[in-house]
Amino acid sequence: MNKRFWSKVGYLWILGLVFFALRLVQLRVGFDPATGLAIPTLWGSLLAHYAAVCAVGQFLVCFFTVPGVRTDFAGAFDPPVKSVPVMAAGGMLLAAGGVLLLLSALPVRGVAAMAAGGLAVAAGGGFILLTRQVRRGDTLTVFPLLPAMFFSVFFVLAVYLPEESDPVLSRFYIPVLAAAMAAAAFSLLAAFLRQEGNLRTFTFVGNLSVMFCLAAAADGVGGDWAKAPLFLGCALVLSVFLFLSREHPVPLPEEEKPDPKAPAAEEA
Numbered sequence: 012m013n014k015r016f017w018s019k020v021g022y023l024w025i026l027g028l029v030f031f032a033l034r035l036v037q038l039r040v041g042f043d044p045a046t047g048l049a050i051p052t053l054w055g056s057l058l059a060h061y062a063a064v065c066a067v068g069q070f071l072v073c074f075f076t077v078p079g080v081r082t083d084f085a086g087a088f089d090p091p092v093k094s095v096p097v098m099a100a101g102g103m104l105l106a107a108g109g110v111l112l113l114l115s116a117l118p119v120r121g122v123a124a125m126a127a128g129g130l131a132v133a134a135g136g137g138f139i140l141l142t143r144q145v146r147r148g149d150t151l152t153v154f155p156l157l158p159a160m161f162f163s164v165f166f167v168l169a170v171y172l173p174e175e176s177d178p179v180l181s182r183f184y185i186p187v188l189a190a191a192m193a194a195a196a197f198s199l200l201a202a203f204l205r206q207e208g209n210l211r212t213f214t215f216v217g218n219l220s221v222m223f224c225l226a227a228a229a230d231g232v233g234g235d236w237a238k239a240p241l242f243l244g245c246a247l248v249l250s251v252f253l254f255l256s257r258e259h260p261v262p263l264p265e266e267e268k269p270d271p272k273a274p275a276a277e278e279a
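Residue numbers (our numbering): 12 to 279.
Okay, here's the thing in structure tokens:
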């Protein structure tokens, strides 16, 4: 149990917390308080290089250790047992962050943020519903993940649109990347429920999503508190699925293809 936790999720949170610390320091000392322009600092350079090293490292780890087979949800993940409270905590964080985002967007009528806030509440409930269905052995459909998929799209817009005219890329690239990675991870997770999942691809994107979401939580702590629980909720939910991922996923049976050399059946 402990070995599995540290090899699949624990090390990601350690790397992510280092990411969080570097981002937090950059936000504190990396920008001119008078003009808002970026100041060249060691912390900003370390953060960018650290992100690149983590991305390359995760690609190599996933390529050599995770089978790249087509599988479904049952073939890719073990049933949740002790991870249920963590999934519930992630769902509640998403719901709480959604309420905060919705309330903060109402005065300025931010359509994308309001949509993301409302869908975040539904997404939190959807993940809890999916967990209950898996534990009961119910037939799984993509329906519980639909709110998360729509939420993640609007969340990317809610993070990016307020910053689209900002010329200082270093100020907003981390949260935009985190939201985009989470959106990709939720989409890849839903693919397992359509029997089109690939555990290697999901693990690579999910691992990066956890680390980037932890880094982006620093932006919430540094100013926009509504987005911090949303990023943390995404990191927790994805961590559960990464923890439950099988060492040896069960591939789907290949469909039998007709032999082109076989003689065609005679028509009656």
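A virtual CB, placed ideally from N, CA and C, is assigned to each residue, including glycine.
These numbers come from a predicted model, not from an experiment.
Assign residue i to buried or exposed, taking buried as 16 or more other Cβ atoms, counted over all protein chains shown, within 10 Å of its Cβ.
i, result
"N13", "exposed"
"V92", "exposed"
"D83", "buried"
"T46", "exposed"
"F75", "exposed"
"Q206", "exposed"
"D63", "According to the sequence shown, residue 63 is Ala rather than Asp. Exposed, since its Cβ has fewer than 16 Cβ neighbours within 10 Å."
"F162", "buried"
"G208", "buried"
"P178", "exposed"
"P240", "buried"
"G121", "buried"
Hey, residue i and residue j: beta-carbon distance below 8 Å or not?
i, j, result
"T152", "L204", "yes"
"C224", "A191", "no"
"L157", "W236", "no"
"M8", "F30", "A query on residue 8 cannot be resolved here, the shown segment of the chain reaching from 12 to 279 and no further."
"A169", "A124", "yes"
"S250", "V20", "yes"
"S18", "L255", "no"
"A49", "R182", "yes"
"K238", "G244", "no"
"S176", "A196", "no"
"G135", "M103", "yes"
"V167", "A202", "no"
Using a Cβ-Cβ cut-off of 6 Å (strictly less than) and excluding sequence neighbours within five positions of residue i, which residues of its own chain qualify?
i, result
"E278", "With a pLDDT of 45 at E278, under the threshold of 50, the predicted position of this residue should be treated as unreliable, and no value is reported."
"V248", "G101, F138"
"P118", "none"
"G68", "none"
Who does residue i pair with in a DSSP beta bridge?
i, result
"N209", "R81"
"F42", "A49"
"S18", "Partner(s): none; S18 has no beta bridge."
"F88", "S256"
Whose C-beta lies closer than 7 Å to the C-beta of residue i among residues of the same chain, with five residues either side of it excluded?
i, result
"A227", "I185, P186, A189, F242"
"M98", "P91, F138, I139, T142, V248, V251"
"P260", "P78, V80, T82, G86, A87, L210"
"D43", "I50"
"L200", "L156, F213, F252"
"A229", "F31, R34, L35, L38"
"V280", "Outside the displayed range of the chain (12 to 279) lies residue 280, so it cannot be described from this structure."
"A276", "Low per-residue confidence applies at A276: pLDDT is 46, beneath 50, and the placement is therefore not dependable, though the value from the model is reported in the following sentence. Answer for A276: no residue qualifies."
Is residue i a contact residue of the ligand ADP, with contact defined as CB to any heavy atom under 7 Å?
i, result
"A127", "With respect to the ligand ADP, the structure offers nothing, as it holds no ligand at all."
On the premise that residue j lies in contact with residue i, defined as a C-beta separation below 8 Å, what is that separation, rounded to the nearest angstrom?
i, j, result
"G128", "A116", "6 Å"
"L57", "L33", "6 Å"
"L23", "N218", "6 Å"
"F215", "F70", "6 Å"
"A131", "L105", "5 Å"
Using a Cβ-Cβ cutoff of less than 8 Å, which residues in the same chain neighbour residue i once the five nearest sequence positions on both sides are dropped?
i, result
"W54", "L33, V36, Q37, V40, G41"
"E267", "Its pLDDT being 46, under 50, E267 is placed unreliably in this model, and the value from its coordinates should be taken loosely. There are no such residues."
"R257", "G86, A87, F88, D89, L210"
"C65", "L26, F30, L219, M222"
"E174", "R182, F183, V187"
"Y61", "V29, F30, L33"
"T52", "Q37, V40, G41"
Using beta carbons (cut-off 8 Å, strictly below), is residue i in contact with chain C?
i, result
"S250", "In the structure shown, chain C cannot be found, because there is only a single protein chain."
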